[in-house]
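Residue numbers (the working numbering): 20 to 212. Built from N, CA and C at the ideal position, the CB exists for glycine as well. Remember, it's a predicted structure, so these values are computed and weren't measured experimentally.
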């Protein structure tokens, strides 16, 4: 059971642009709160870049800054301590979430230790499964070149989650958000606390 909430907590993994944030936005009116391993990362990078942290989630900066976030979060912080971001979220659960009773949806579960932490707090782990070719086509439409796309999708943060044994999988098809939402609601309805 989740922290006293009616709906279960959800941990989402999948390719960038596969619909994870769209799912979180869909769930917000249903009482879900969006959690994130990347919030602290965005705070650190925003502070260094001299921009408001909110700007990190808005286009065009969101797409432009991704390689910087990947490098800072993985090559720098995780190289120092593989559990750097996990420890921050664990502290949140152990201290602040005793007050927060709303169900959580994490949209940025990219590493095995992140998924294992959330699973230890009874999150349902969900793979948002979109074809890599569809993600590549989307990124090309956004002006990314082939080499840049391969570098982005080949990054460890886009690879490691693929080795996890998820509780559930939802199929994400470009342009069919309603179908994606229906699959997620089916999972929620069958797993309510």
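Cβ neighbours of residue i in the same chain (closer than 8 Å, five flanking residues each side left out)
| i | result |
| --- | --- |
| residue 121 | 24, 50, 51, 52 |
| residue 118 | Residue confidence is low: residue 118 scores 40 on pLDDT, short of 50, so the model does not pin down where it sits. Its coordinate-derived value is still stated next. So no residue of the chain qualifies. |
| residue 97 | 103, 104, 130 |
| residue 187 | 143, 144, 145, 146, 206 |
Rounded distance between the beta-carbons of residue j and residue i, thought under 8 Å
| i | j | result |
| --- | --- | --- |
| residue 140 | residue 112 | 6 Å |
| residue 191 | residue 149 | 4 Å |
| residue 82 | residue 161 | 6 Å |
Short Cβ contact (7 Å threshold) for residue i with residue j
| i | j | result |
| --- | --- | --- |
| residue 39 | residue 93 | no |
| residue 124 | residue 201 | no |
| residue 128 | residue 32 | yes |
| residue 36 | residue 189 | no |
| residue 88 | residue 108 | no |
| residue 41 | residue 196 | yes |
| residue 70 | residue 62 | no |
| residue 136 | residue 183 | no |
Distance cut-off 6 Å: residue i Cβ against heavy atoms of the ligand ATP
| i | result |
| --- | --- |
| residue 132 | Because no ligand of any kind appears in the structure shown, any question about the ligand ATP cannot be addressed here. |
Bounding residues of the alpha helix (DSSP H) (the contiguous stretch that carries residue i)
| i | result |
| --- | --- |
| residue 81 | 80-89 |
Sequence-distant residues of the same chain with beta carbon closer than 7 Å to residue i, five excluded per side
| i | result |
| --- | --- |
| residue 207 | 26, 27 |
Own chain residues within Cβ distance below 6 Å of residue i, not counting five before or after
| i | result |
| --- | --- |
| residue 55 | 127 |
| residue 158 | 168 |
| residue 210 | 27, 143 |
Boundaries of the beta strand (DSSP E) in which residue i is found, first to last residue
| i | result |
| --- | --- |
| residue 148 | 143-148 |
| residue 190 | 187-190 |
| residue 30 | 29-33 |
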